[in-house]
Amino acid sequence: MRLWAAGRPHDAERHLRDALAILDGASGVWHRERSAVLNNLSLVAMDRGDPALAKQWLLRSLEAERSRRRPGRRALAITYDNLGFAELDLARRAGPYDLGGGYVNTVASAHLRDAEQHFTEAGKRFRLLPFARDDRLTWLVNRAECAELRGDAELFDQLTRRAHRVARRRGVSPLGRLAAATQRGRFLLEYRDRPDAAIALMRPLLDVAEEVEQVPIFLTVLLRAAASVGDADLVATLIRRIERFDSAVLPRRLARASEEEARHLFLGFAQRLEWILGCHAVTTTCGILPVELMNLLLNRKGVLAERQGAAWLAAQQAGETAAQVRRLRADLARADLDGADRASIEQARLARAEIARRAGEAEVRLHFALGHPWVPHVTVDAVRAALGDQSTLVELTTLRRPGRPAHYAMILLPAEGEIRYRDLGPVTEVNERIVELVRLSGTPPKGDEDRSARLRDVAVALRIFDEDDELSPCLMIAPTGRWGSVPFGLLPGPDGEPLIERHIVGLVPSGRFVARRHGAVRPASGPPLVLGDPDFDLGEDSLPDFLFPTYSEPLPNTGREAAAVAAMIGADPVTGPDATRHRLLSARSPRILHLATHGMFLTAIGSHQERAEPRLSVMRSVGGVVISEPVLGDPRMPDDRRALYQRRSEWLLKIGPTGPSSRSVLCLAGYNVWQSGGETPAEMGSGMVSATEFALLDLAGTELVVLSACETGVGAVDHADGSLLGLRTAALAAGAACCVSSLWKVPDAATADLMTAFYGWLAEGRNAAAALRRAQLAIRETHPDPYYWAGWVAEGLSRTG
Numbered sequence: 070m071r072l073w074a075a076g077r078p079h080d081a082e083r084h085l086r087d088a089l090a091i092l093d094g095a096s097g098v099w100h101r102e103r104s105a106v107l108n109n110l111s112l113v114a115m116d117r118g119d120p121a122l123a124k125q126w127l128l129r130s131l132e133a134e135r136s137r138r139r140p141g142r143r144a145l146a147i148t149y150d151n152l153g154f155a156e157l158d159l160a161r162r163a164g165p166y167d168l169g170g171g172y173v174n175t176v177a178s179a180h181l182r183d184a185e186q187h188f189t190e191a192g193k194r195f196r197l198l199p200f201a202r203d204d205r206l207t208w209l210v211n212r213a214e215c216a217e218l219r220g221d222a223e224l225f226d227q228l229t230r231r232a233h234r235v236a237r238r239r240g241v242s243p244l245g246r247l248a249a250a251t252q253r254g255r256f257l258l259e260y261r262d263r264p265d266a267a268i269a270l271m272r273p274l275l276d277v278a279e280e281v282e283q284v285p286i287f288l289t290v291l292l293r294a295a296a297s298v299g300d301a302d303l304v305a306t307l308i309r310r311i312e313r314f315d316s317a318v319l320p321r322r323l324a325r326a327s328e329e330e331a332r333h334l335f336l337g338f339a340q341r342l343e344w345i346l347g348c349h350a351v352t353t354t355c356g357i358l359p360v361e362l363m364n365l366l367l368n369r370k371g372v373l374a375e376r377q378g379a380a381w382l383a384a385q386q387a388g389e390t391a392a393q394v395r396r397l398r399a400d401l402a403r404a405d406l407d408g409a410d411r412a413s414i415e416q417a418r419l420a421r422a423e424i425a426r427r428a429g430e431a432e433v434r435l436h437f438a439l440g441h442p443w444v445p446h447v448t449v450d451a452v453r454a455a456l457g458d459q460s461t462l463v464e465l466t467t468l469r470r471p472g473r474p475a476h477y478a479m480i481l482l483p484a485e486g487e488i489r490y491r492d493l494g495p496v497t498e499v500n501e502r503i504v505e506l507v508r509l510s511g512t513p514p515k516g517d518e519d520r521s522a523r524l525r526d527v528a529v530a531l532r533i534f535d536e537d538d539e540l541s542p543c544l545m546i547a548p549t550g551r552w553g554s555v556p557f558g559l560l561p562g563p564d565g566e567p568l569i570e571r572h573i574v575g576l577v578p579s580g581r582f583v584a585r586r587h588g589a590v591r592p593a594s595g596p597p598l599v600l601g602d603p604d605f606d607l608g609e610d611s612l613p614d615f616l617f618p619t620y621s622e623p624l625p626n627t628g629r630e631a632a633a634v635a636a637m638i639g640a641d642p643v644t645g646p647d648a649t650r651h652r653l654l655s656a657r658s659p660r661i662l663h664l665a666t667h668g669m670f671l672t673a674i675g676s677h678q679e680r681a682e683p684r685l686s687v688m689r690s691v692g693g694v695v696i697s698e699p700v701l702g703d704p705r706m707p708d709d710r711r712a713l714y715q716r717r718s719e720w721l722l723k724i725g726p727t728g729p730s731s732r733s734v735l736c737l738a739g740y741n742v743w744q745s746g747g748e749t750p751a752e753m754g755s756g757m758v759s760a761t762e763f764a765l766l767d768l769a770g771t772e773l774v775v776l777s778a779c780e781t782g783v784g785a786v787d788h789a790d791g792s793l794l795g796l797r798t799a800a801l802a803a804g805a806a807c808c809v810s811s812l813w814k815v816p817d818a819a820t821a822d823l824m825t826a827f828y829g830w831l832a833e834g835r836n837a838a839a840a841l842r843r844a845q846l847a848i849r850e851t852h853p854d855p856y857y858w859a860g861w862v863a864e865g866l867s868r869t870g
């Protein structure tokens, strides 16, 4: 376990697995040793963020320990307690326990029930071990967390009080004392509104906090209490210490985590950033943001997005290891969309989970092979150097203040001068306005004056700039959360007029993206590629009757658009049956990649079909604990085309992919045939390419991607850092410099006109954001309603041209 402690969990796991294999093959009885190795494997799995794997190791450890002639009480107690903790982590990942309206999350409830069962078994043994104070304290802290997740405030109070008493005894480790104080302090702060009592309890442990890595959680609770009582000096001290700890720990943790694990562990770092920003601005709604806090934001927001896609993989120069990661990520993307071709939803999910496990292992091997902490440090000075004197960065983020809900905030970073912030209001209220703005903007106009007036009112309510703000000609806006779906050109500028009137508005994933991509050496690009007007039906005259709204209608204007664009940029358009998945995925850094086709955003998640699907399982007892294990059902698939069509349609519309990036999809040649249950050639497959797979394209030398399709700018929101997970960000992850896409379904005739104007301005030397603005203004002259022109956005590195 020294390798694990040294930050090398992959090596630690490999050696532990070797030891387990030796013990399994050795003659004689080695139950105690096997139990110890299995427990250590569970610790490595938990550290990597894989509680499901940890649970399996612990169940085997439990079997080994109870197979001994005289099972060790302490070993059994610790194993049961660790099993409870693994179930707790699984419950947290399943989502909130209380869903409101008298409903509970059944998955989380099942994990909490199992956790309580394991804690009960651990408690029976800890009562016989009066001197195992650290272990008993850990058990109490875990039980308290279980009670809190269930919403049992009274039991949470009792257990945190007991844990605090145990922690004050001689012989308890600093880590145990911190854990107990953190929980008790949080109870006093959140359930009793007594920040002064929380400070009195926790402040004496500040010196102890220097010794353990888990200190940021402790410091954050204390920070919230200090901000609540207005202790500015203590707030400033705690912010510095949290920043120092997290900045040292984050690179090490990311360097040894798979992408799925990274998302889970990053959430804590992102939440602490929200508290730091909120506690700094606890009494004000606008003001000056210190450079140190802006630097902290630049080294949190966008960090996860940097290692998505082909561009990052290629930059690592890790040879076959990187290639294997890319192949497994592609397999994962296909498994997300092809789940209907499995015998059951459960089998589809299990098959995907197995691919995800192998991909995660390959990702860990890749990070280990790189041999260095991974998060490059970005500074305000570096961002300003990239902005130049014609651009201003507008960073949108979230912050939390004690006793209040989360708020959005806008941070204005000019090329020189002070960095300023402004509170934009509660996240839930602002999100409602954003949804309303997008709904109204994306609705075809029918001469409804009420709609127009309401649209103006909502745009004003979402205003992010005041009349005193001094803005550069070019705005680089880095959205977060729902802001990623906002047509910013419609929002009022400092003068009250829509931003598009006087500013070039471009989007960027984050401020660190601007600094990291600025000045980077790009490989040579290939000839442009225009792919459009795919033949969805492949000439079939009589597709089955369609019972679900998944049929992709032909888009006659996309053929005209593809031909016009190809002529302007010197390319031969790829259309009809040639516009396939294979043709797109085999592209190699075209200078311009233009796609004119259907796009979809799949909203299905947590479907009734999946919850209600009959499941087969067997029950067995492991160490006195009854567990349920799945048994796969009939592997046969229906051979009736209509039945297969229904399964595929329901998968996309009612069940949905697991990966959030797989919800944004492009439709290509053969899509309707595959969707209707028919067979397609291998180069067509499902006729779909998701954002997950799109991010794996080789676009390192591509200057511009244009997604001239419906809803290609829409995406899921990453719960870890608020970034958008969709086709437009996938294009940037694949290496493209800039991507133009749409936020709602725009008529293909208006799209064709806008694209012709857009490429005309590009030919005159304008960059993508400037050319898009000119084209939008031109369309607005003939079609004033925002429905026709405001839904297009340019994301990436664009400056005034």
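Residue numbers (my numbering): 70 to 870.
Glycine included, C-beta positions come from ideal geometry on N, C-alpha and C.
- What separation, rounded to the nearest whole angstrom, lies between the Cα atoms of residue 507 and residue 813? 8 Å
- Note down the Cα distance separating residue 755 from residue 559, rounded to an integer number of angstroms. 37 Å
- Query: In three-state DSSP terms, what is residue 491?
  - Reply: strand
- Compare the beta carbon distance of residue 552 and residue 481 with 7 Å and say whether it is the shorter of the two. no
- Message: Within the continuous alpha helix (DSSP H) that includes residue 333, where are the two ends?
- Response: 328-349
- Message: Using the three-state DSSP reduction, which class does residue 117 fall into: helix, strand or coil?
- Response: coil
- Where residue 606 falls, given that 16 or more other Cβ within 10 Å makes a residue buried: buried
- Between which two residues does the beta strand (DSSP E) harbouring residue 355 extend? 355-357
- Message: Checking the sheet assignment: what are the DSSP bridge partners for residue 864?
- Response: 576, 808
- Buried versus exposed call for residue 298 [16 or more other C-beta atoms within 10 Å across all chains shown]: exposed
- Query: When the Cβ atoms of the segment 644-655 are set against those of the segment 751-765, are three or more pairs found closer than 8 Å?
  - Reply: yes
- In three-state terms, what does DSSP make of residue 685? Per-residue confidence for residue 685 stands at a pLDDT of 47, beneath the threshold of 50, marking its modelled position as unreliable; no derived number is given.
- Task: Going by CA-CA distance only, name the one from 408, 431, 581 that's closest to residue 744.
- Result: 408
- Going by DSSP, what residues sit across from residue 670 in a beta bridge? 733
- Candidates 369, 737, 540, 581: closest to residue 345 by CA position: 369
- Can you give me the Cβ contacts of residue 147 inside the same chain, cut-off strictly under 8 Å, excluding the 5 residues immediately before and after it? 108, 191, 204
- Message: If contacts are defined as beta-carbon pairs under 8 Å, then residue 595 and residue 770 qualify, I think. What distance do you get, rounded to the angstrom?
- Response: 7 Å
- Query: Considering only C-alpha positions, which residue in the set 713, 860, 727 is nearest to residue 741?
  - Reply: 713
- Item | Selected residue, minimal CA-CA separation from residue 825, among 759, 626, 795 | 626
- Query: Which word fits residue 212, buried or exposed, when buried means at least 16 other C-beta atoms lie within 10 angstroms of its C-beta?
  - Reply: buried
- Whole runs of the beta strand (DSSP E) within the segment 359-412, excluding any shorter than 3 residues: none
- Helix, strand or coil for residue 843, going by three-state DSSP, please let me know. helix
- Query: Is DSSP giving residue 706 helix, strand or coil here?
  - Reply: Confidence is the limiting factor: at residue 706 the pLDDT is only 48, short of 50, which leaves the residue's position unreliable, though a coordinate-based value still follows. If DSSP states are grouped into helix, strand and coil, residue 706 belongs with coil.
- Item | Identified DSSP bridge partners for residue 477 | 467, 494
- Does DSSP classify residue 260 as helix, strand or coil? coil
- Rounded to a whole number of angstroms, what is the C-alpha to C-alpha distance between residue 208 and residue 315? 26 Å
- Item | Those runs of the alpha helix (DSSP H) which lie wholly inside the segment 182-256 and span at least 4 residues | 202-218, 222-236
- Message: Let me confirm a value: residue 703 is counted as buried when at least 16 other C-beta atoms fall within 10 Å, else exposed. Which label applies?
- Response: Reliability fails at residue 703, whose pLDDT of 45 lies under 50, so the model's placement of it is uncertain and the value that follows must be treated cautiously. Exposed, because fewer than 16 other Cβ atoms sit within 10 Å of the Cβ of residue 703.
- Can you tell me the Cα-Cα spacing of residue 656 and residue 765, whole angstroms? 11 Å
- Message: So, with DSSP's three-state summary, where would you put residue 540?
- Response: coil
- Task: Given a cut-off of 7 Å, decide if residue 531 and residue 520 are closer than it, judged by their beta-carbon atoms.
- Result: no
- Item | Beta-carbon separation (whole angstroms), residue 779 vs residue 815, contact threshold 8 Å | 7 Å
- Assuming residue 580 and residue 462 make a contact with CB atoms under 8 Å, what is their CB distance in whole Å? 5 Å
- Would you list the one or two residues that DSSP bridges to residue 167? 173
- Message: From the DSSP secondary-structure annotation, give me the bridge partner or partners of residue 661.
- Response: 773
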